[in-house]
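Input: a single structure, listed below in C-alpha coordinates.
Numbering (our numbering), first residue to last: 41 to 156.
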(Lines of atoms letter the chains of each structure in order from A and count residues from 1; the text may use other names and numbers.)
(Lines give C-alpha, C1' and ligand atoms only; values in the text may rest on other atoms or scores of the structure.)
Protein backbone atom coordinates (compact mmCIF):
# COMPACT_ATOMS: atom_id res chain seq x y z
CA UNK A 1 0.00 0.00 0.00
CA UNK A 2 2.68 2.46 0.98
CA UNK A 3 4.72 1.89 -2.18
CA UNK A 4 1.67 2.41 -4.37
CA UNK A 5 1.02 5.75 -2.72
CA UNK A 6 4.70 6.68 -2.83
CA UNK A 7 4.88 6.08 -6.58
CA UNK A 8 1.57 7.75 -7.42
CA UNK A 9 1.17 11.30 -8.64
CA UNK A 10 -2.05 11.89 -6.67
CA UNK A 11 -4.04 10.38 -3.82
CA UNK A 12 -7.79 10.05 -4.38
CA UNK A 13 -10.08 9.10 -1.50
CA UNK A 14 -13.74 8.17 -1.84
CA UNK A 15 -15.17 9.31 1.48
CA UNK A 16 -17.65 6.99 3.16
CA UNK A 17 -19.16 6.60 6.60
CA UNK A 18 -16.48 4.02 7.44
CA UNK A 19 -13.45 5.81 5.97
CA UNK A 20 -11.83 6.71 9.27
CA UNK A 21 -12.78 3.39 10.92
CA UNK A 22 -10.53 1.34 8.64
CA UNK A 23 -6.94 0.94 9.82
CA UNK A 24 -5.87 0.39 6.21
CA UNK A 25 -7.50 3.57 4.95
CA UNK A 26 -6.11 5.56 7.89
CA UNK A 27 -2.64 4.23 6.99
CA UNK A 28 -3.12 5.24 3.35
CA UNK A 29 -4.25 8.74 4.32
CA UNK A 30 -1.37 9.16 6.78
CA UNK A 31 1.08 7.99 4.12
CA UNK A 32 -0.28 10.39 1.49
CA UNK A 33 -0.18 13.30 3.93
CA UNK A 34 3.31 12.42 5.16
CA UNK A 35 4.58 12.26 1.57
CA UNK A 36 2.87 15.54 0.70
CA UNK A 37 0.85 13.97 -2.12
CA UNK A 38 -1.72 16.18 -3.82
CA UNK A 39 -5.12 14.86 -2.77
CA UNK A 40 -8.66 14.73 -4.01
CA UNK A 41 -11.61 13.63 -1.89
CA UNK A 42 -14.77 12.40 -3.59
CA UNK A 43 -18.01 12.16 -1.64
CA UNK A 44 -21.59 11.21 -2.41
CA UNK A 45 -23.85 14.15 -1.51
CA UNK A 46 -27.12 12.29 -2.24
CA UNK A 47 -28.86 11.43 1.07
CA UNK A 48 -30.81 8.67 -0.71
CA UNK A 49 -27.61 6.91 -1.75
CA UNK A 50 -26.17 4.09 0.38
CA UNK A 51 -22.72 5.64 -0.16
CA UNK A 52 -23.84 9.05 1.15
CA UNK A 53 -21.83 10.69 3.86
CA UNK A 54 -22.17 14.22 5.18
CA UNK A 55 -18.97 16.08 4.41
CA UNK A 56 -19.29 18.51 7.34
CA UNK A 57 -19.93 15.67 9.81
CA UNK A 58 -16.93 13.78 8.46
CA UNK A 59 -14.75 16.87 8.88
CA UNK A 60 -15.85 17.20 12.51
CA UNK A 61 -15.47 13.48 13.27
CA UNK A 62 -12.14 12.90 11.52
CA UNK A 63 -9.13 12.18 13.72
CA UNK A 64 -7.16 15.44 14.04
CA UNK A 65 -4.07 13.99 12.33
CA UNK A 66 -6.16 13.04 9.29
CA UNK A 67 -8.23 16.22 8.95
CA UNK A 68 -5.85 17.81 6.44
CA UNK A 69 -7.11 15.32 3.83
CA UNK A 70 -10.48 17.08 4.07
CA UNK A 71 -8.96 20.56 3.72
CA UNK A 72 -7.91 19.97 0.13
CA UNK A 73 -10.12 19.65 -2.93
CA UNK A 74 -13.41 17.80 -2.34
CA UNK A 75 -15.75 17.00 -5.22
CA UNK A 76 -19.25 15.61 -5.17
CA UNK A 77 -19.65 12.27 -6.93
CA UNK A 78 -22.12 12.75 -9.79
CA UNK A 79 -25.67 11.52 -9.36
CA UNK A 80 -27.23 9.14 -11.90
CA UNK A 81 -27.96 11.00 -15.10
CA UNK A 82 -25.37 13.69 -14.41
CA UNK A 83 -22.99 14.94 -17.08
CA UNK A 84 -20.06 12.56 -16.57
CA UNK A 85 -17.91 14.35 -19.13
CA UNK A 86 -18.22 17.54 -17.08
CA UNK A 87 -17.30 15.62 -13.92
CA UNK A 88 -14.20 14.13 -15.57
CA UNK A 89 -13.17 17.60 -16.80
CA UNK A 90 -13.64 18.93 -13.26
CA UNK A 91 -11.47 16.13 -11.81
CA UNK A 92 -8.79 16.75 -14.43
CA UNK A 93 -8.82 20.47 -13.67
CA UNK A 94 -8.70 20.03 -9.89
CA UNK A 95 -5.91 17.46 -10.20
CA UNK A 96 -4.08 19.55 -12.81
CA UNK A 97 -3.88 16.60 -15.17
CA UNK A 98 -4.08 18.91 -18.17
CA UNK A 99 -1.89 17.46 -20.90
CA UNK A 100 -0.59 14.63 -18.74
CA UNK A 101 -3.40 12.20 -19.52
CA UNK A 102 -3.23 9.88 -22.49
CA UNK A 103 -6.07 9.81 -24.98
CA UNK A 104 -8.76 7.21 -24.28
CA UNK A 105 -7.41 3.78 -25.11
CA UNK A 106 -3.85 5.08 -25.00
CA UNK A 107 -1.22 4.37 -22.41
CA UNK A 108 -0.23 7.08 -20.04
CA UNK A 109 1.59 6.61 -16.79
CA UNK A 110 2.00 10.21 -15.71
CA UNK A 111 -1.36 10.40 -13.99
CA UNK A 112 -1.28 7.40 -11.69
CA UNK A 113 -3.74 7.66 -8.84
CA UNK A 114 -3.78 5.76 -5.56
CA UNK A 115 -7.29 5.15 -4.26
CA UNK A 116 -8.14 4.73 -0.62
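Idealized CB from N, CA, C, for every residue including glycine.
By the Cβ neighbour-count rule, residue 97 is exposed, with fewer than 16 other Cβ atoms within 10 Å of its own. DSSP places residue 51 inside the beta strand (DSSP E), whose first and last residues are 50–54. In this structure residue 49 is not in contact with residue 85, their Cβ atoms being roughly 26 Å apart against a cut-off of 8 Å. Residue pairing by DSSP places residue 116 opposite 83 in a beta bridge.
Straight through space, the alpha carbons of residue 121 and residue 127 are spaced by roughly 12 Å. In the DSSP assignment, residue 127 falls within the unbroken alpha helix (DSSP H) covering 124–134. CA-CA distance, residue 83 to residue 74, rounds to 22 Å. Residue 47 is bridged by DSSP to nothing; it lacks a bridge partner. Annotation for residue 106: no alpha helix (DSSP H) segment contains it, and DSSP assigns it neither H nor E.
Going by C-alpha positions, residue 112 is about 7 Å away from residue 80. Residue 106 and residue 135 have their C-alpha atoms roughly 20 Å apart.
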